[in-house]
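Numbering (mature numbering (1 follows the signal peptide of the UniProt record, and there is no 0)), first residue to last: -19 to -1, 1 to 368.
By construction, the Cβ of each residue, glycine as well, lies at the ideal position given by its N, Cα and C atoms.
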């Protein structure tokens, strides 16, 4: 009888009126809007890595499937764009904010390059240009999901144990279920003293929305072009933090890839408990409801996306898919993983080597088994360094 009861529960969950299916994140066309501004060499290396590993240029291992890309270049410089332009041609331009448009003529996915005159409004203005261009072309509604990225991040980082055919956008889109309509790599619970307002806010450097989430964000003017970054009505507060504020205003919720938190609670609380193995959704079990004020002091109201500020650690690239390389987060893993993944993508073996006897002797010694006190690297405040 117990088995029958479990079977009936499973059937009822699969038959709910909103049409939930566990593979929602595996289906539907994806658009990636990538905002590029050549501020420094870090941005250049970030985009170059993305072109190889995500866009599949010169990649002999993986090609994107059912993914289109719109790159918005702000300013005159874009060294990595030279790789893209080799297989692109000039296209018609109907936007006054854009000086030149290029469209791909070959490749596994459609690639559009929009060259802006200046970096006015930063990333959200760039994403606004993407949306305006696709709306003008009548293409926007063909995408089930839209992923927002900027060139301050390095990624995507995908562990080698992921199954064949799995694509990095699924890390985000698989969580867009129920009333969860925005997912990002990072989430901060702001303190009451912050202009952004007390409570959980998504960080926008790597985020994904579905069509309903996109509609809400556009209706709320989240992508409006703003010129002041840190003003109360500026880019960060109304743009970046507007991702989560708009969802809350419309009765929706959001989620993050961070391992510190469980999946966000969707409309179907029972479904959430089922996915977590029938754990009760209380006392820290089950799924997180970010609308519950009990969760509004997460990570002690500290931004987790900086070095040493993520509960005493830094974000790992295999946890959040993208990391804020411009803030030197995740090193040395970020640089070394990027080196390996780039070599493999270009068809270069990573198995070659020569006998390093000093390192070999160290590795088999008792010295190598001692506590290296790595945690000291993450103690960023003087108050913690003596502990």
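Taking the beta strand (DSSP E) that residue i falls in, what are its first and last residues?
| i | result |
| --- | --- |
| residue 17 | 11 to 18 |
| residue 162 | 161 to 165 |
| residue 298 | Residue 298 -> not in any beta strand (DSSP E); alpha helix (DSSP H) instead, spanning 298 to 301. |
| residue 183 | 180 to 183 |
| residue 50 | 48 to 55 |
| residue 191 | 187 to 191 |
In the DSSP assignment, the alpha helix (DSSP H) including residue i goes from what residue to what residue?
| i | result |
| --- | --- |
| residue 320 | 314 to 326 |
| residue 104 | 103 to 118 |
| residue 152 | 151 to 154 |
| residue 344 | 338 to 344 |
| residue 33 | 22 to 34 |
Distance check for residue j and residue i, CA to CA, integer angstroms please.
| i | j | result |
| --- | --- | --- |
| residue 71 | residue 64 | 15 Å |
| residue 163 | residue 333 | 42 Å |
| residue 275 | residue 282 | 13 Å |
| residue 291 | residue 285 | 4 Å |
| residue 9 | residue 123 | 9 Å |
| residue 224 | residue 198 | 7 Å |
| residue 174 | residue 335 | 56 Å |
| residue 327 | residue 341 | 29 Å |
| residue 99 | residue 180 | 33 Å |
| residue 87 | residue 314 | 33 Å |
| residue 324 | residue 39 | 11 Å |
| residue 62 | residue 193 | 32 Å |
| residue 145 | residue 138 | 15 Å |
| residue 152 | residue 140 | 12 Å |
| residue 77 | residue 114 | 11 Å |
| residue 15 | residue 60 | 15 Å |
| residue 218 | residue 169 | 13 Å |
| residue 41 | residue 300 | 25 Å |
| residue 191 | residue 240 | 22 Å |
| residue 136 | residue 298 | 8 Å |
| residue 147 | residue 364 | 44 Å |
| residue 156 | residue 196 | 18 Å |
| residue 202 | residue 45 | 31 Å |
| residue 5 | residue 92 | With a pLDDT of 39 at residue 5, under the threshold of 50, the modelled position of that residue is not reliable, and the figure given next carries that caveat. Roughly 24 Å between the two C-alpha positions. |
| residue 67 | residue 351 | 52 Å |
Check whether the Cβ atoms of residue i and residue j lie closer than 7 Å to each other.
| i | j | result |
| --- | --- | --- |
| residue 177 | residue 233 | no |
| residue 134 | residue 187 | yes |
| residue 18 | residue 36 | no |
| residue 160 | residue 131 | no |
| residue 106 | residue 206 | yes |
| residue 310 | residue 302 | no |
| residue 319 | residue 30 | yes |
| residue 238 | residue 166 | yes |
| residue 244 | residue 279 | no |
| residue 293 | residue 242 | no |
| residue 25 | residue 322 | no |
| residue 361 | residue 289 | yes |
Let me know the secondary structure DSSP gives residue i once reduced to three states.
| i | result |
| --- | --- |
| residue 127 | strand |
| residue 171 | strand |
| residue 94 | strand |
| residue 349 | helix |
| residue 84 | strand |
| residue 230 | helix |
| residue 67 | coil |
| residue 260 | Below a pLDDT of 50, predicted positions are generally treated as unreliable, and residue 260, at 37, falls in that range; the measurement from the model is reported next regardless. Of the three classes helix, strand and coil, the one that applies to residue 260 here is coil, per DSSP. |
| residue 204 | coil |
| residue 7 | Any reading at residue 7 is ruled out, since the residue's pLDDT is 48, under 50, leaving its predicted position unreliable. |
| residue 294 | strand |
| residue 135 | strand |
| residue 237 | strand |
| residue 306 | helix |
| residue 58 | coil |
| residue 218 | helix |
| residue 75 | coil |
| residue 269 | strand |
Give the C-beta separation of residue i and residue j to the nearest angstrom, bearing in mind that I take them to be a contact with Cβ-Cβ under 8 Å.
| i | j | result |
| --- | --- | --- |
| residue 306 | residue 23 | 6 Å |
| residue 48 | residue 150 | 7 Å |
| residue 204 | residue 112 | 6 Å |
| residue 80 | residue 96 | 5 Å |
| residue 229 | residue 287 | About 25 Å; that fails the 8 Å criterion. |
| residue 154 | residue 11 | 7 Å |
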